[in-house]
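Everything on this sheet refers to the single structure shown next.
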Amino acid sequence: MTTAESHKNSGIGKDVGVYVCLLVLAAIQFVIAYQDISASQMLVRMLTVAIIEAGLALLFFMHLSENRGLRWFVLIFAVAAILGMQYGWTDSFRLLDGVRWAK
Amino acid sequence: MSQADLSIHGQVSRTSATEIMTAPTFSVAAKKMAMWLFIIADTATFAGCLVAYGFIRNATPDWPRPFHSITNVAVMTLVLLTSSLTMLIGVRSAQAGDKAKAFRWTMITALCGIMFAVLHIKEWMGMIGEGATLFHNPWGTPLFSSLFFSITGLHLLHVTGGVVALFAVGLRYQGGRYNADDLEITGLYWHFVDLVWMFVVPLVYLLNLAH
Chain A
347 MTTAESHKNS GIGKDVGVYV CLLVLAAIQF VIAYQDISAS QMLVRMLTVA
397 IIEAGLALLF FMHLSENRGL RWFVLIFAVA AILGMQYGWT DSFRLLDGVR
447 WAK
Chain B
242 MSQADLSIHG QVSRTSATEI MTAPTFSVAA KKMAMWLFII ADTATFAGCL
292 VAYGFIRNAT PDWPRPFHSI TNVAVMTLVL LTSSLTMLIG VRSAQAGDKA
342 KAFRWTMITA LCGIMFAVLH IKEWMGMIGE GATLFHNPWG TPLFSSLFFS
392 ITGLHLLHVT GGVVALFAVG LRYQGGRYNA DDLEITGLYW HFVDLVWMFV
442 VPLVYLLNLA H
């Protein structure tokens, strides 16, 4: 077996390992869906699992683990974009509950 | 530094400047960087849609939970995750110079994408059969159907685009017009589509499961 073939096989072995991890994490999300907990607890648990899944996919399937500079670039932009969209949550609670201090 | 030094080092300085000008950002080729920028922009699009969905869901007291079975969505998830693995095998084969194997696995990935789309449409037809449309929801607020069809439709559009890209790039790779890098860049897009699904499933399907 040549060095290139050996490297390729070990790479595929790692990919299969990550794939199995993703399947297990996806299964955990489905199990959480059947738990008798509140919607907010369920949301937190499912999103935590989804973020771990996304991290694995980014690092290993999309090879961000091999490029430190690009990793930070993607992380900073993605997190900034996602955090920027969180400003409206308090307003959604206001729509649901009314403005408590105005009652 | 004297004029003599400048003339002596002039050649070196010009070479360094050329290297700096042509060195790709983060040591990533320009076309791959372009795909990453597209992925970041698309992340903002999907994040915007999912946050809007969360906002409306949170602000609507009688939000329906119409899903009784998760079998179909579980199979869809399995198919999409598997397609990411087949894409990886295709890309690794291309990088190792095994053209036939790379083409074969790319086509398998595209077929997985088609299977996902068929299952998705089956899911939609089931819901439409129960009376749900973009503007009508038999289980309560019409916002549920609007958001469900919009978000899953946007994702399905990405999958469809990905399948077309996989066929186009795969065939051109087979024909010798594209190389392993092009296949890898298409793979990046495909993994992104998979990554988005990891968030769509819990938010749009699993949180709306009937208990």
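Chains as they are written, first to last, in my numbering: chain A, 347 to 449; chain B, 242 to 452. Every residue gets a Cβ at the ideal spot worked out from N, C-alpha and C, and that includes glycine. Just so it is clear, the structure is predicted and the values come from calculations on it, not from any experiment.
Cβ-Cβ distance between residue i and residue j below 8 Å
| i | j | result |
| --- | --- | --- |
| F308/B | A421/B | no |
| H456/B | V441/B | Nothing in the structure corresponds to residue 456/B, since chain B is present only between 242 and 452. |
| T350/B | S334/B | no |
| A409/B | Y430/B | no |
| A385/A | L447/B | no |
| I398/A | A288/B | no |
| L368/A | A403/A | yes |
| P305/B | F385/B | yes |
| L388/B | V316/B | no |
| F407/A | L329/B | yes |
| I378/A | M388/A | yes |
| G331/B | A343/B | yes |
| G415/A | F267/B | yes |
| S438/A | N313/B | no |
| L326/B | Y365/A | yes |
| T284/B | A424/A | yes |
| V292/B | N413/A | no |
| V395/A | L371/A | yes |
Exposure label - residue i; buried when at least 16 CB within 10 Å
| i | result |
| --- | --- |
| P392/B | Rather than Pro, the amino acid found at residue 392/B in this sequence is Ile. Label assigned to I392/B: buried. |
| T436/A | exposed |
| Q244/B | Confidence is the limiting factor: at Q244/B the pLDDT is only 48, short of 50, which leaves the residue's position unreliable, though a coordinate-based value still follows. It is exposed - the Cβ of Q244/B has fewer than 16 other Cβ atoms within 10 Å. |
| G403/B | buried |
| P443/B | buried |
| M366/B | exposed |
| F376/B | exposed |
| G428/B | buried |
| T347/B | buried |
| A282/B | exposed |
| T374/B | exposed |
| Y414/B | buried |
| S248/B | Confidence at S248/B is low in this model, with a pLDDT of 47, below 50, so the placement of that residue should be treated as unreliable; the coordinate-derived value is given next. Its Cβ having fewer than 16 others within 10 Å, S248/B is exposed. |
| A448/A | Note that A448/A scores a pLDDT of 45, beneath 50, so its modelled location is shaky and nothing firm can be said. |
| K360/A | exposed |
| G295/B | buried |
| K273/B | buried |
| I362/B | exposed |
| I383/A | exposed |
| V445/B | buried |
| A489/A | Outside the modelled stretch of chain A, which goes from 347 to 449, sits residue 489/A, for which no answer is possible. |
| A271/B | exposed |
| G394/B | exposed |
| G370/B | exposed |
Contacts of residue i in chain A (Cβ-Cβ under 8 Å)
| i | result |
| --- | --- |
| I281/B | V420, F423, A424 and A427 |
| L352/B | Going along chain A, no residue has its Cβ under 8 Å from L352/B, so there is no contact; the nearest lies around 17 Å. |
Residue i: contacting residues in chain B (beta-carbon distance under 8 Å)
| i | result |
| --- | --- |
| Q302/A | The question about residue 302/A has no answer here: the residues shown for chain A are numbered 347 through 449. |
| V362/A | L326 |
Partners in chain A for residue i, counting only beta-carbon separations shorter than 7 Å
| i | result |
| --- | --- |
| G289/B | M431 |
| M348/B | Going along chain A, no residue has its Cβ under 7 Å from M348/B, so there is no contact; the nearest lies around 18 Å. |
| F440/B | A396 |
| A285/B | A427 |
| H432/B | A403, F407 and M408 |
| L384/B | By Cβ distance, chain A contributes nothing, its closest Cβ being about 12 Å from L384/B, past 7 Å. |
| L429/B | M408 |
| L454/B | Residue 454/B lies beyond the residue range present for chain B, which begins at 242 and ends at 452; the question has no answer from this structure. |
Listed by chain order, chain B residues near residue i by CB distance under 7 Å
| i | result |
| --- | --- |
| G357/A | R333 |
Listed by chain order, chain B residues near residue i by CB distance under 9 Å
| i | result |
| --- | --- |
| S384/A | The premise fails here: S384/A is roughly 11 Å from chain B at the closest Cβ pair, so nothing lies under 9 Å. |
9 Å Cβ cut-off: residues of chain A touching residue i
| i | result |
| --- | --- |
| V292/B | I428, M431, Q432, G434 and W435 |
| S268/B | N413, G415 and L416 |
| F296/B | G434, W435, D437, S438 and L441 |
| L448/B | A379, A385, M388, L389 and M392 |
| W365/B | None at all; the shortest Cβ gap to chain A is about 20 Å. |
| L360/B | Within chain A, no residue comes near L360/B; the closest Cβ sits about 15 Å away, beyond 9 Å. |
Residue i: CB within 7 Å of a non-hydrogen atom of the ligand ATP
| i | result |
| --- | --- |
| P307/B | No copy of the ligand ATP occurs in the structure displayed, which carries no ligand at all. |
Task: Residues, ordered as in the chain, of the region 298–315 of chain B that lie near chain A by beta-carbon distance below 7 Å - done: Result list: N299, A300, P302, I311 and A315.
Open item on the list: Closer than 9 Å between beta carbons: that is the criterion. Which residues of the region 315–343 of chain B meet it against chain A?
Closed with: Within the region 315–343 of chain B, the residues whose Cβ lies closer than 9 Å to some Cβ of chain A are A315, T318, L319, L322, T323, S325, L326, M328, L329, I330, R333, S334, Q336, A337, G338 and D339, listed in chain order.
TODO: Identify each residue in the region 396–419 of chain A for which the Cβ-Cβ distance to at least one residue of chain B is less than 8 Å, and report them in chain order.
DONE: Shown in chain order are the members of the region 396–419 of chain A whose Cβ falls below 8 Å from a Cβ of chain B: A396, E399, A400, A403, L404, F407, M408, N413, G415, L416 and F419.
Open item on the list: Under 8 Å: do the region 354–366 of chain B and the region 310–323 of chain B share three or more Cβ pairs, one atom per stretch?
Closed with: Flag = yes, the region 354–366 of chain B and the region 310–323 of chain B touch.
- [ ] With 8 Å as the C-beta to C-beta threshold (strictly closer), list the residues of the region 395–424 of chain B near chain A in chain order.
- [x] Cβ contacts with chain A: none found.
- [ ] Would you be able to state if there are at least three C-beta pairs under 8 Å between the region 369–388 of chain B and the region 429–440 of chain B?
- [x] They do not touch, by the three-pair rule.
Task: Stretch pair the region 412–430 of chain A + the region 267–278 of chain B: three plus CB contacts closer than 8 Å - done: By the Cβ rule, the region 412–430 of chain A counts as touching the region 267–278 of chain B, because three or more pairs are nearer than 8 Å.
TODO: May I ask you to list, following chain order, the residues of the region 370–382 of chain B that have a beta carbon less than 9 Å from some beta carbon of chain A?
DONE: Residues: none.
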